[in-house]
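Structure first, commentary second.
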């Protein structure tokens, strides 16, 4: 495996573990918050490490995660506007 | 199946169990952790498809041996400062190193043409080539899509490719070069030049394609190609 990918997975896993522990300790019950923070952690790791080359599956994953994140944010904005 | 894939699948399975357990307990925080872990597993599975260390290292060693052999041959033929072009002949594309600009009467291997020695490397047809989307599609657009299909999607040799057409010249901008290929940029057998010439030969309706200019930056490379339909290049 390329070194950049190893660093990305290490940074990403660390961020996910920290965010999940933090959220659970704070008593967070909303599932979408866990998912959106996870996706955010992934993109932060990707931007910081920036692997030189990836596969087609990773590109599809990037698009899917971005779509999921967009839906979650859009739903939250919609909730605020309605209330 | 590599270890990262096994790890990813395991994480996904455990996270699904965690989600089910969280639902049974009515603890939505636990369900959130389960979903978060399943995303992590999904990411691991996706990244398990990137090239693995052993094969890359073995291929690098093998490539170094071959590049050294060809470089020695080019040195013996006094072709280290030569020009390179690709010639389409039947189903084979020849990548020709010569001091004269693109001699057409060449055979695969080493020989003499136009009073100068040459080295012609035959390449087989590349597997991933795109077809013209419509009759109105420009040749630069077709070339760009073909190069992206091979270099970006299939080989992951770079992040992006852009092609600009000027008269009968094509300016190919390649950015985000793969680390494994960077070491060959200063060698006569530069993989980007050879792959771009080979793909261009397949994609463009030209008899031969000559490399006119080559500029290397830290993380990018610019190749200027000239496509010509017939006649020896002087």
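Residue numbers (this note's numbering), protein chains in the order written: chain A, 1307 to 1389; chain B, 109 to 342. Don't be surprised by glycine CBs; every beta carbon is placed ideally from N, CA and C.
Bounds of the beta strand (DSSP E) holding residue 320 of chain B are 316-324.
The C-beta of residue 136 of chain B comes closer than 8 Å to at least one C-beta of chain A. With a cutoff of 8 Å on beta-carbon distance, residue 144 of chain B and residue 1354 of chain A are scored as not near each other.
For residue 196 of chain B, the enclosing beta strand (DSSP E) stretches over residues 191-197. Counted as a single uninterrupted DSSP element, the beta strand (DSSP E) harbouring residue 219 of chain B occupies residues 217-221. Interface annotation for the segment 214-229 of chain B against chain A: empty, criterion Cβ-Cβ distance under 9 Å. Just so you know, the alpha carbons of residue 141 of chain B and residue 152 of chain B end up roughly 17 Å apart. Note that the C-beta distance between residue 322 of chain B and residue 331 of chain B is below 8 Å. A distance below 7 Å between beta-carbons, with the five flanking residues on each side excluded, links residue 168 of chain B to the following residues of its chain, in chain order: 288. When DSSP reads this structure, residue 227 of chain B sits in a beta bridge with B:205 and B:218.
Between the alpha carbons of residue 231 of chain B and residue 295 of chain B lies a distance of about 19 Å. Between residue 278 of chain B and residue 248 of chain B, the beta carbon gap of about 6 Å places them in contact (Cβ cut-off 8 Å). Within a 10 Å sphere around the beta-carbon of residue 189 of chain B sit fewer than 16 other beta-carbons, which makes this residue exposed. Within chain A, 1367 have C-beta atoms less than 8 Å from the C-beta of residue 150 of chain B, given in sequence order. Residue-level contact by beta carbon holds for residue 154 of chain B and chain A, with a gap shorter than 8 Å. Contact annotation: residue 317 of chain B and residue 333 of chain B have beta-carbon atoms nearer than 8 Å. Between residue 1376 of chain A and chain B, the shortest Cβ-Cβ separation is not below 8 Å.
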